[in-house]
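If you count the sequence shown from 1, you need to add 730 to reach the working numbering.
Glycine residues also receive a C-beta, built at the ideal position from the N, C-alpha and C atoms.
Here's the structure, in structure tokens; my notes come after.
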Amino acid sequence: YPIARERYKQIINTEGAADVQKIRAEIKTADILIKEKRYSDARSLLVSIEKTSMGLNPPHEHFRNEAVDRLNMLDKIADGHNVSAISQQDFIGWISCPKEFLYVSTEGSDRNAGTKARPFRTFEKARDVIRSKKKENVFPKGGITVFIRGGTYYMDSPFTLTAEDSGTPGGPIVYRAYPGEKVRLIGGVFLSRFCPVTDTEVLNRIPQEAHTKVLQVDLKAAGITNYGKLYPRGYGSTYQCDASPLWGQPYPSAAELFYKDKRMELARWPNEGWARTGDTALPGLKLETYSYGVYNTAGKFRYIGNRPERWKGEDEIWMKGYWVHTYMQHHRLVKDIDTGTKIITLDAKPRPEVCKGFPYFAYNILGELDRPGEWYLDRKTGILYFWPPGDFKNNDIWLSTLAGSVVTTQGASYTVFHDLLIEGSWEYGIHMTAGNYNLISKSTVRNTGKAAILVEGGRYDSIVGCDIYGTGDGGIILEVGEENRKMSRGRLVYFSKDLEPVGHLVENCHIHHINQVGGGYGAGVYLGGCGQRMRNNLIHDNSYQAVHFRGNDHLIEYNEVYDVSHEPRDHGVFYINESSRSIAGYRGNVIRFNFVH
731 YPIARERYKQ
741 IINTEGAADV
751 QKIRAEIKTA
761 DILIKEKRYS
771 DARSLLVSIE
781 KTSMGLNPPH
791 EHFRNEAVDR
801 LNMLDKIADG
811 HNVSAISQQD
821 FIGWISCPKE
831 FLYVSTEGSD
841 RNAGTKARPF
851 RTFEKARDVI
861 RSKKKENVFP
871 KGGITVFIRG
881 GTYYMDSPFT
891 LTAEDSGTPG
901 GPIVYRAYPG
911 EKVRLIGGVF
921 LSRFCPVTDT
931 EVLNRIPQEA
941 HTKVLQVDLK
951 AAGITNYGKL
961 YPRGYGSTYQ
971 CDASPLWGQP
981 YPSAAELFYK
991 DKRMELARWP
1001 NEGWARTGDT
1011 ALPGLKLETY
1021 SYGVYNTAGK
1031 FRYIGNRPER
1041 WKGEDEIWMK
1051 GYWVHTYMQH
1061 HRLVKDIDTG
1071 TKIITLDAKP
1081 RPEVCKGFPY
1091 FAYNILGELD
1101 RPGEWYLDRK
1111 TGILYFWPPG
1121 DFKNNDIWLS
1131 TLAGSVVTTQ
1141 GASYTVFHDL
1151 LIEGSWEYGI
1161 HMTAGNYNLI
1171 SKSTVRNTGK
1181 AAILVEGGRY
1191 DSIVGCDIYG
1201 TGDGGIILEV
1211 GEENRKMSRG
1221 RLVYFSKDLE
1231 PVGHLVENCH
1241 IHHINQVGGG
1251 YGAGVYLGGC
1261 GQRMRNNLIH
1271 DNSYQAVHFR
1281 GNDHLIEYNE
1291 VYDVSHEPRD
1301 HGVFYINESS
1311 RSIAGYRGNV
1321 IRFNFVH
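Below is the structure:
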């Protein structure tokens, strides 16, 4: 500690050093003084930082907030005593904090005692034992670690924690992989028993070059009967049925196929890039003029060429495209294809407009299964058709089957998820709601139907050192919570109700190759509300933004970003919009020290 303090002192005293560098070094010095239990010295320095930060030009509210957070913690302690309040800076220490352990193993049994020699079989059993300890007032002061032994855990329902599963500031509940072992939580089923296609009717529908390449597997015979539905996903696509309890919520994903842990593509045309809509100024239709061109409000356009004429007999053709705005992607169900007039009619949901010359592609077409990596599912028969990109063996091919998130927490606080691989849901890998001081660390979340991690409401949750990729939508979503959203003229208005900092943190994460299906504003990180922080992250390979934020006083710093926002127009690497609709005008956000290339 003395050596570190001296190094920070050198920074503070360096002539020409930037104010932000000096003040950051002072905050780090205060952290060291707290660790040394020199609380009076730390308090004096933090009071000085609080004043100094607001005297800078421009003022640095974030430094003031960090100083105030630490001063609030110091209010609860006196010199020489242990710190009872856990600050976000100490989260990583939670991982090794508990000294009482439970064990879970794929070879265990829920009739066992949960010891290393006799582990439980399920996470739910370990959770329930911890609940009992709390009810019986025998929960240990330092918390409990649930060590998960190496292996693959098949999740047919979400692992759920509620408020009664919370730890305490000095006693977190840690779910983590046993050191040195790999733990995989997968909401999916591995497929085997593939065989050649022999049905003449099917062979007549797929291209000649695919006849000896495409294989099939009977999902019903494998016990898989729920495949989900394809919905009109994309920008702003939500349930619009007033009778639905999900009104206003984003549409879900459905079953998806993975080969060697990479998402395969529903058979599509064209195989690469986009087709373009033809004429939309059709007889008898109402036309509107927009800055991007002329469009109709009937969802109709003439197709160019003759490719759609091959799709006769296809059950459920979908199209994904930019139909009227060059920044809004929508998935639209094909209602009708008139090969005589060469007019395609799209379903009216979510938007009926179509503009001439705009990009789209068609998918979910058995007749277009013409290259390696494409697949098609006949939902009536349960037969899945697939052209594998290469040789495969057991556990190389799997189907996502979990119609929810892999892990959900509802009001739980002071919990840790560490060193886990989570994948295969139709929703999110981890969905946290209304919890405080939770930590997700050193974990990989991939191959999800929606974003990897959604945090709604709560305070001071942290996502640190995680790898996120292969998602259907975005990466990490830090939302303000339902209480801070309201409807205005049929549209959601986002704002921070009381301007109180939420304080969630995304740090040192690698987020890449996301938003592979949805296409609707799926950012690497989304920040809502007030006072969210993200720093030291690497974000790349996303067709949309690296960061999308609304609200106030967010801090975005020390991130590296490349290969993003390369598809839509009217976009940005760090993207903010609709500030006039916020009661506070989205003020106080700071973007600094990022490397964009």
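What number of angstroms, rounded off, separates the C-alpha of residue i from the C-alpha of residue j?
i: Tyr989; j: Ala1182; result: 19 Å
i: Val919; j: Phe1122; result: 15 Å
i: Gly1249; j: Ile1047; result: 18 Å
i: Leu1257; j: His1240; result: 17 Å
i: Ile903; j: Gly1003; result: 48 Å
i: Arg1101; j: Thr759; result: 59 Å
i: Tyr738; j: Thr744; result: 10 Å
i: Gln1275; j: Val1054; result: 20 Å
i: Leu1129; j: Val932; result: 22 Å
i: Val834; j: Glu1044; result: 47 Å
i: His1242; j: Lys1030; result: 36 Å
i: Glu701; j: Tyr1093; result: The chain is shown only over 731 to 1327; residue 701 falls outside these bounds and no answer can be derived.
i: Ser1295; j: Ile1206; result: 17 Å
i: Ile1034; j: Lys1072; result: 8 Å
i: Arg1176; j: Ile1244; result: 9 Å
i: Ala856; j: Val1247; result: 35 Å
i: Ala1253; j: Ile1067; result: 34 Å
i: Asp1009; j: Arg1032; result: 5 Å
i: Arg1189; j: Tyr1316; result: 19 Å
i: Thr1178; j: Asp886; result: 14 Å
i: Pro1082; j: Tyr1025; result: 10 Å
i: Ser1155; j: Gly1200; result: 12 Å
Which of the three DSSP states, helix, strand or coil, is assigned to residue i?
i: Leu1150; result: coil
i: Ala748; result: coil
i: Trp1156; result: coil
i: Lys855; result: helix
i: Phe793; result: helix
i: Pro1089; result: strand
i: Met885; result: coil
i: Gly1249; result: coil
i: Met803; result: helix
i: Glu1290; result: strand
i: Ser1143; result: coil
i: Leu1268; result: strand
i: Val1232; result: coil
i: Glu1004; result: Rather than Glu, the amino acid found at residue 1004 in this sequence is Trp. Note: Trp1004 maps to coil in three-state DSSP.
i: Gln946; result: strand
i: Gly918; result: strand
i: Leu1097; result: According to the sequence shown, residue 1097 is Gly rather than Leu. Gly1097: helix per DSSP, three-state reduction.
Go to residue i, then tell me how far its alpha helix (DSSP H) extends in each direction, as first and last residue.
i: Ile933; result: For the sequence presented, residue 933 should be read as Leu rather than Ile. Leu933 -> alpha helix (DSSP H) spans Thr930 to Arg935.
i: Tyr738; result: Pro732 to Ile742
Please report the residue range of the beta strand (DSSP E) in which residue i lies.
i: His1278; result: Val1277 to Phe1279
i: Asp771; result: Note, Asp771: premise wrong, no beta strand (DSSP E); alpha helix (DSSP H) at Tyr769 to Gly785.
i: Ala907; result: Ile903 to Ala907
i: Arg1176; result: Thr1174 to Arg1176
i: Met1049; result: Trp1048 to Gly1051
i: Arg1062; result: His1060 to Asp1068
i: Tyr1256; result: Val1255 to Leu1257
i: Ser1171; result: Leu1169 to Ser1171
i: Asn1026; result: Gly1023 to Asn1026
i: Thr1201; result: From DSSP, Thr1201 is part of no beta strand (DSSP E); its letter is neither H nor E.
i: Asp1108; result: Glu1104 to Asp1108
i: Leu1129; result: Ile1127 to Ser1130
i: Ser1192; result: Ser1192 to Val1194
i: Thr1075; result: Ile1073 to Leu1076
If you drop the 5 nearest sequence neighbours on each side, which residues of the same chain put their C-beta closer than 6 Å to that of residue i?
i: Phe869; result: Lys863
i: Gly1261; result: Pro1231, Val1232, Gly1233 and Asp1283
i: Glu780; result: Arg794 and Ala797
i: Tyr1292; result: His1270 and His1327
i: Lys912; result: Gly880
i: Asn1125; result: Phe920
Spatial neighbours of residue i within its chain, please: C-beta separation below 8 Å, excluding the five flanking residues on both sides.
i: Gly1051; result: Trp1004, Thr1007, Gln1059, His1060, Arg1062, Phe1088, Pro1089, Tyr1090 and Phe1091
Can you find the residues in the same chain that come closer than 7 Å, C-beta to C-beta, to residue i, ignoring five residues on each side of it along the sequence?
i: Trp824; result: Pro902, Val904, Val1146 and Leu1169
**OP:** Taking 8 Å as the threshold, find out whether the region 1185-1196 comes into contact with the region 1016-1027 through three or more Cβ pairs.
**Re:** no
**OP:** Could you tell me whether the region 866-884 touches the region 1105-1118, using the rule of 3 or more Cβ pairs below 8 Å?
**Re:** no
Subject >> the region 1155-1163 contacting the region 1130-1146, beta-carbon criterion three pairs below 8 Å >> reply: yes
**OP:** Evaluate the contact criterion for the region 924-936 versus the region 1084-1101: three or more CB pairs, one atom per stretch, below 8 Å.
**Re:** yes
Original post:
Is the region 1142-1151 close to the region 944-957, with three or more CB pairs under 8 Å?
Top reply: no
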